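Participant: From first to last, the protein sequence lines are chains A and B.
Here the first sequence stands for residues 2 to 220, numbered as in the working numbering.
Here the second sequence stands for residues 41 to 67, numbered as in the working numbering.
Below: one structure in structure tokens.
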Amino acid sequence: TLKMLRLQYAKAPSPPLKNAPAAHRDLEDELIALVIDRAFLDEADEIRDEMAFDAALRAGRPRLHAVSQEVHELVSNILGQYQAIRKRLSGLTQINWLASTQDMQGQLDRLVFRGFLQAVPWERLRHYPRYLRALALRLEKLPLDPGRDQRWIRELQQVQEAWRERWQVACEKGVVDERLEEIRWLIEELRISLFAQEVKTAVPVSVKRIRKRWNELGL
Amino acid sequence: HRAGLRRLVLLAMPAEIRELRRRLQQP
């Protein structure tokens, strides 16, 4: 129910992007906005007059019920996994796991924050259950071999640190740099390939490939 | 642009949006 989803969402942090528009919205309004976007405004850029708007309404109306169910299922999955991971992470207090738990908390905070349902494109939200499943698996594996987790962190840092610096500066300025967003989702895939190979990546990914893309994008 | 269009949709179909909100509240 919405009440449960609200509870799961209650501890999500503030958005990283300065002056993010949806930061203080209630979850119900975020969900309604997402349903409206999916049902009526997929081609929002092309709606420039009343005729186009009426056409969008006519096309979207029959989809409304199915879209609302699709949105509800996805968001329930995301917030359910989110809460379980957040709870487990906060229970891990071993000092020698700190590098791993801080890395995971950082990842989680960048994925789920107030307003993320509007800030993150739908195409990406659809991948969230996979990102979160990989994170949960990593959490399970951590006690078995914390040294291995830390080795993967060092591997990840070869691309993540440069990206994070640039991304944080952009967020502080309130700017979304599409190139940094593209790298960001590649880093999410890299995390899967390093920490939870059981979960399949959406695209082939490696440190080398990300560096190559970084250069191609002129970053 | 998108936020403006969303507001227009909300105004254009109040009954459907009310129904959506009602369904969200249901267990």
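Even for Gly, the Cβ is constructed at its ideal location relative to N, Cα and C.
Remember, predicted model here, so these are calculated numbers, not experimental data.
Going by the beta-carbon positions, is the gap between Leu133 (chain A) and Ile188 (chain A) smaller than 9 Å?
Facilitator: Position 132 of the first sequence, counting from 1, holds the residue named residue 133 (chain A). Position 187 of the first sequence, counting from 1, holds the residue named residue 188 (chain A). No, these two residues do not count as a Cβ contact at 9 Å.
Participant: With DSSP as the reference, label His128 (chain A) as helix, strand or coil.
Facilitator: Reading the first sequence from its first residue, position 127 is the one you call residue 128 (chain A). His128 (chain A): coil per DSSP, three-state reduction.
Participant: When burial is assigned at 16 or more other CB atoms within 10 Å of the CB, is Gln103 (chain A) buried or exposed?
Facilitator: Looking up residue 103 (chain A) in the first sequence gives position 102. Exposed, because fewer than 16 other Cβ atoms sit within 10 Å of the Cβ of Gln103 (chain A).
Participant: Near Ala21 (chain A), what residues of its chain come up, given a Cβ to Cβ distance below 7 Å and the 5 sequence neighbours on each side ignored?
Facilitator: As a working mapping, residue 21 (chain A) is identified with position 20 in the first sequence. So the qualifying residues of the chain are Gly116 and Ala120.
Participant: Leaving out five residues on either side along the sequence, give the residues of the same chain with a beta carbon under 7 Å from the beta carbon of Glu29 (chain A).
Facilitator: As a working mapping, residue 29 (chain A) is identified with position 28 in the first sequence. Contacts found: Leu3.
Participant: Taking the continuous alpha helix (DSSP H) assigned at Thr202 (chain A), which residues delimit it?
Facilitator: For this step, residue 202 (chain A) is matched to residue 201 along the first sequence. No alpha helix (DSSP H) contains Thr202 (chain A), which DSSP labels as neither H nor E.
Participant: Which residues in the same chain as Leu218 (chain A) place their Cβ atom closer than 6 Å to its Cβ, once the five residues preceding and following it in sequence are excluded?
Facilitator: Residue 218 (chain A) sits at position 217 when you count from the first residue of the first sequence. Closer than 6 Å at Cβ, skipping near neighbours: Arg180.
Participant: The alpha helix (DSSP H) that contains Ala56 (chain A), what's its start and end?
Facilitator: Counting from 1 along the first sequence, the entry for residue 56 (chain A) is found at position 55. Element bounds for Ala56 (chain A): Glu51 to Gly61.
Participant: Using the Cα positions of Glu31 (chain A) and Leu6 (chain A), report the straight-line distance between them to the nearest angstrom.
Facilitator: Along the first sequence, read from residue 1 onward, the residue named residue 31 (chain A) stands at position 30. Along the first sequence, read from residue 1 onward, the residue named residue 6 (chain A) stands at position 5. Approximately 12 Å between the Cα atoms of the pair.
Participant: For the pair the segment 76-95 of chain A and the segment 122-139 of chain A, tell me if three or more CB-CB distances fall below 8 Å.
Facilitator: Enough Cβ pairs lie closer than 8 Å, so yes.
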